[in-house]
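Novice: Chains A and B, in that order, are what the protein sequence lines are. First residue of the first sequence? That's 1 in the working numbering, and the numbers climb one at a time after it. First residue of the second sequence? That's 1001 in the working numbering, and the numbers climb one at a time after it. Can you keep this structure in mind? I'll have questions shortly.
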Amino acid sequence: MSRVLTGHSIDHVVLERGEVANSWRQERWDSLRLLTPNWLSRLPGYAYAGSDPDGYMNLAEVVSFIAGFAAETSAPVRTDTTVTAVRSIEGGYQVVTQLGEIRCRSLVLATGAANTPRVPDLHRAVPQAVQCLTTFSYRNPDQLPSGGVLIVGAAATGVQLADEIHRSGRPVTLCVGEHVRLPRTYRGRDILWWMENSGVWNQRYDQIEDLERARRLPSPQLVGTPEHSTLELNTLSAAGIEIVGKLAAVRDGCALFSGGLANQFALADLKMERLLDTFDAWARDSHIDIEVGPAERFPPTRAPLSTRLSLDLRSGEIGSIVWATGYRPDYRWLNVPVITHKGELRHDGGVVTEAPGMYVLGLPVLRRRKSTFINGAEADARDLAGHLAGYLAACAGPQQDCATRRRQESFEIPPHL
Amino acid sequence: MGQVVNNGVNVDALLAAREALKNTPAAGEFTWRASCKWLNGTHARSTIQGFRGLGEEQSHKSEFSFDTDHPQVFASEDNGATPVEVVLVGLASCLTAGVAAVAQNRGIQLRSVEARLEGKMNIAGILGADGDVRNGYDSIKVTFHVDADASKKDIEALVAQSQKRSAVFDIITNPTNVTVEVV
Ligand SMILES: Cc1cc2nc3c(=O)[nH]c(=O)nc-3n(C[C@H](O)[C@H](O)[C@H](O)COP(=O)(O)OP(=O)(O)OC[C@H]3O[C@@H](n4cnc5c(N)ncnc54)[C@H](O)[C@@H]3O)c2cc1C
Chain A
1 MSRVLTGHSI
11 DHVVLERGEV
21 ANSWRQERWD
31 SLRLLTPNWL
41 SRLPGYAYAG
51 SDPDGYMNLA
61 EVVSFIAGFA
71 AETSAPVRTD
81 TTVTAVRSIE
91 GGYQVVTQLG
101 EIRCRSLVLA
111 TGAANTPRVP
121 DLHRAVPQAV
131 QCLTTFSYRN
141 PDQLPSGGVL
151 IVGAAATGVQ
161 LADEIHRSGR
171 PVTLCVGEHV
181 RLPRTYRGRD
191 ILWWMENSGV
201 WNQRYDQIED
211 LERARRLPSP
221 QLVGTPEHST
231 LELNTLSAAG
241 IEIVGKLAAV
251 RDGCALFSGG
261 LANQFALADL
271 KMERLLDTFD
281 AWARDSHIDI
291 EVGPAERFPP
301 TRAPLSTRLS
311 LDLRSGEIGS
321 IVWATGYRPD
331 YRWLNVPVIT
341 HKGELRHDGG
351 VVTEAPGMYV
361 LGLPVLRRRK
371 STFINGAEAD
381 ARDLAGHLAG
391 YLAACAGPQQ
401 DCATRRRQES
411 FEIPPHL
Chain B
1001 MGQVVNNGVN
1011 VDALLAAREA
1021 LKNTPAAGEF
1031 TWRASCKWLN
1041 GTHARSTIQG
1051 FRGLGEEQSH
1061 KSEFSFDTDH
1071 PQVFASEDNG
1081 ATPVEVVLVG
1091 LASCLTAGVA
1101 AVAQNRGIQL
1111 RSVEARLEGK
1121 MNIAGILGAD
1131 GDVRNGYDSI
1141 KVTFHVDADA
1151 SKKDIEALVA
1161 QSQKRSAVFD
1171 IITNPTNVTV
1181 EVV
């Protein structure tokens, strides 16, 4: 956004509580690699320039990629500056940080979709003896006590951690609810090549039938490895990981799992096939059938005849639980009434309509299916910066119907806090 | 699809209700009720009429009544289905209604829908003969025969979606807190 605002010659400042690329430095596990290929890591006027465009960046590479972009664009970033409150004031917003306050006419919330792990309330019933970790506190398997590990959640994070922890020699049980199954490669190309080229990834939020559902969808079961391997439930269970249904309750020290696993498999398999059908149709219609491999179909997820419905957490079988149940944003510092009773920000494609001049970036399917991904930032930022520029112009314009105009001078950003 | 699909489900009303709930979430809080009177032996009669929802008391058009009993092999008089069979009825009818609703929403014309259910149970549990055997079903199998203007894939998706949105499927596959009091 900063880069695009600079393109519009709009004065701005970027406040960051830590360092540039803070979430990648502080909030990820050690072995994480992007699940998006290098060639897709693009920011405005900036792209991966290394020798392995089809590979997947590790953490250090992501950090240097983003830090490199900040340096190259001379983004006006103030690091170590935590926003502690935002209030509406006449004609704009007051932004309070631990170093002082700033007044601005327009504000972009780019604090991300994943400020804190989303852990279900039922974690409170887990017996004390079982060590609980979240995807923010988990770094590597050495942290875990001996004994079995229950991993709750089978989106990208859950399946990746299940695989890693299982390889460390610990027995792993994986709780699987609704999930998104995808092969790493399809017809010889990365699945994200298909997403991007077929247009699925660019599908706009106002063209999606059930937008709320699309926004709640878990991340796809994908991993980025040098081998480009597919990480699916069939592979995990063949390796010896026990798959159980969604964790439904913890009662009297026992974890109780849903008996509806077979249908979760059926739904995910059907959805994957529908997506592959879409890709096939696109390949046919755009005459690239000959450039890619033949159409493929993958075996269904094998449902065990019966899955375990309960697991006694007091028996010692399970030493630790890793909650891989997703992430959510944290808006406790936002003192403007634009948050729903469920803690979600009300916005229309990133325009916070109830708070003029306020915008948000990086939320799931904000404006496009790819909105939460690194590659999705540019298009959304361009759209929203256009809107923002129009808003500022209207405020400064001859109509004078905008309250800001009278107090314009007080919105100058001080050079130092 | 061409012609208008009619499975007798008012999908527009359901979708409108979903929208309405976004603004008034409290209206979504429902209480369903049943009462049951013992008649004789294992024979009992349950009745259903009132429920609460949309912020007020509601009522079925008339009272519905269900007799339950045990079959003669249990030395009972067999005046009605067993309660465990009634559970199968709940699941079957919930999934079947779901198939119709989802089909309507997806523009699929149904010609016939039939579900067969089988629940496996070892009665050593309820008789207290073996402490390792649970009282309830070990497993339930539902087999759907759906005749509709749709591919096999679409029908499978229909049935999968119906399970995903089914209250009774959820009740049976997930634990529920139950409190029983004597007053
Ligand atoms: C586990 C995981 C794996 C992912 N893998 C991929 C992937 O493979 N490919 C991909 O494209 N995307 C991936 N993503 C999505 C990824 O987070 C985004 O692509 C990208 O990081 C989003 O950038 P952002 O700037 O919106 O949010 P963030 O990267 O989260 O940045 C938000 C910044 O705001 C700062 N901040 C927050 N609150 C405050 C405050 N109150 N005051 C000041 N500063 C604050 C934070 O310190 C942080 O630096 C992944 C996300 C997660 C959680």
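Where is the CB? At the ideal position from N, CA and C, for every residue including glycine. Just so it is clear, the structure is predicted and the values come from calculations on it, not from any experiment.
Output, in chain order, the set of chain B residues within a Cβ distance shorter than 9 Å of A/SER259.
Specialist: What sits at residue 259 of chain A in the sequence shown is Gly, not Ser. Within 9 Å Cβ-Cβ: SER1139, ILE1140, ILE1172, THR1173, ASN1174.
Novice: For the segment 283-311 of chain A, list every residue whose C-beta sits within 8 Å of some C-beta in chain B, in sequence order.
Specialist: Of all residues in the segment 283-311 of chain A, SER306 have a Cβ within less than 8 Å of some Cβ in chain B.
Novice: If contacts are defined as beta-carbon pairs under 8 Å, then B/THR1096 and B/ALA1081 qualify, I think. What distance do you get, rounded to the angstrom?
Specialist: Actually they do not touch by this definition, with Cβ atoms about 17 Å apart.
Novice: Checking 7 Å against the spacing of the C-beta atoms, do A/VAL250 and A/VAL172 come in under that value?
Specialist: Taking 7 Å as the Cβ cut-off, A/VAL250 and A/VAL172 do not qualify as a contacting pair.
Novice: Does the beta carbon of A/LEU15 fall short of 6 Å from some heavy atom of ligand 1?
Specialist: Because some heavy atom of ligand 1 lies under 6 Å away, the Cβ of A/LEU15 counts as near it: yes.
Novice: Measuring only the C-alpha atoms, how far is A/GLU412 from A/ARG103?
Specialist: The predicted model places A/GLU412 with a pLDDT of 40, which falls under 50 and marks its position as unreliable; any figure quoted below should be read in that light. Using only the alpha carbons, I get a separation of about 7 Å.
Novice: Determine whether the beta carbon atoms of B/VAL1009 and B/GLN1104 lie at a separation below 7 Å.
Specialist: Yes, the Cβ-Cβ distance between B/VAL1009 and B/GLN1104 is below 7 Å.
Novice: Mind checking whether A/PRO145 and A/GLN128 have CB atoms under 7 Å apart?
Specialist: No. Outside cutoff.
Novice: Closest to A/ASP252 by C-alpha separation, out of A/HIS123, A/SER41, A/THR97, A/PRO220, would be which residue?
Specialist: Checked all of A/HIS123, A/SER41, A/THR97, A/PRO220; the closest Cα to A/ASP252 is A/HIS123.
Novice: Measuring CB atoms only, is the segment 312-327 of chain A touching the segment 259-269 of chain A, in the sense that at least three cross pairs come out at less than 8 Å?
Specialist: Touching, no, given that fewer than three Cβ pairs across the two stretches are closer than 8 Å.
Novice: Counting contacts by CB-CB distance shorter than 7 Å, is A/LEU270 in contact with chain B?
Specialist: Yes, because at least one Cβ of chain B sits closer than 7 Å to the Cβ of A/LEU270.
Novice: Any beta carbon from chain A within less than 7 Å of B/ALA1160's own beta carbon?
Specialist: It does: the Cβ of B/ALA1160 has a partner Cβ on chain A nearer than 7 Å.
Novice: Name the chain B residues whose beta carbon is nearer than 7 Å to that of A/ASN263?
Specialist: By Cβ distance, chain B contributes ALA1160, GLN1163, LYS1164.
Novice: Reducing DSSP to helix, strand and coil, say where B/ASN1105 ends up.
Specialist: In this structure, B/ASN1105 counts as helix in the three-state DSSP scheme.
Novice: Just to check my reading of the structure: A/VAL96 and A/THR84 have Cβ atoms closer than 8 Å, yes? What is that Cβ distance to the nearest angstrom?
Specialist: Rounded, the Cβ-Cβ distance is 5 Å, consistent with contact.
Novice: Under 8 Å between beta-carbons, which chain A residues line up against B/GLU1156? List them in chain order, please.
Specialist: The answer, in chain order, is ALA266, LEU270.
Novice: If the cut-off is 9 Å on Cβ atoms, which residues from the segment 241-259 of chain A count as contacting chain C, listed in chain order?
Specialist: The chain inventory of the structure shown lacks chain C, comprising the protein chains A and B.
Novice: Let me know the secondary structure DSSP gives B/GLY1125 once reduced to three states.
Specialist: B/GLY1125 falls in the coil class under three-state DSSP.
Novice: Excluding five sequence neighbours on each side, which residues of the same chain lie with their C-beta closer than 6 Å to the C-beta of A/LEU107?
Specialist: Closer than 6 Å at Cβ, skipping near neighbours: TYR93, MET358.
Novice: Name the one or two DSSP bridge partners that A/TYR205 has.
Specialist: Partner(s): none; A/TYR205 has no beta bridge.
Novice: List the DSSP bridge partners of B/ASP1067.
Specialist: Per DSSP, B/ARG1045.
Novice: Under a three-way DSSP split, which group does B/ASP1170 fall into?
Specialist: Helix, per DSSP.
Novice: In terms of residues, what are the limits of the beta strand (DSSP E) holding A/TYR93?
Specialist: 92-97 is the span of the beta strand (DSSP E), which, as asked, contains A/TYR93.
Novice: Taking A/PRO304 as the reference, give the member of A/LEU32, A/GLU242, A/ARG170 with the closest Cα.
Specialist: A/PRO304 has its Cα closest to that of A/GLU242, out of A/LEU32, A/GLU242, A/ARG170.
Novice: In whole angstroms, what separates the C-alpha of A/GLY199 from that of A/LEU5?
Specialist: Roughly 26 Å between the two C-alpha positions.
Novice: Which class does A/MET1 belong to by DSSP, given the choice of helix, strand or coil?
Specialist: Coil at A/MET1, not helix or strand.
Novice: What distance in whole Å lies between the Cβ atoms of A/PHE69 and A/LEU43, which are believed to be in contact at a cut-off of 8 Å?
Specialist: Yes, they are in contact, since the Cβ atoms of A/LEU43 and A/PHE69 sit about 5 Å apart, within 8 Å.
Novice: How far does the alpha helix (DSSP H) with A/ASP252 in it extend, from its first residue to its last?
Specialist: Premise fails: A/ASP252 is in no alpha helix (DSSP H) and is neither H nor E.
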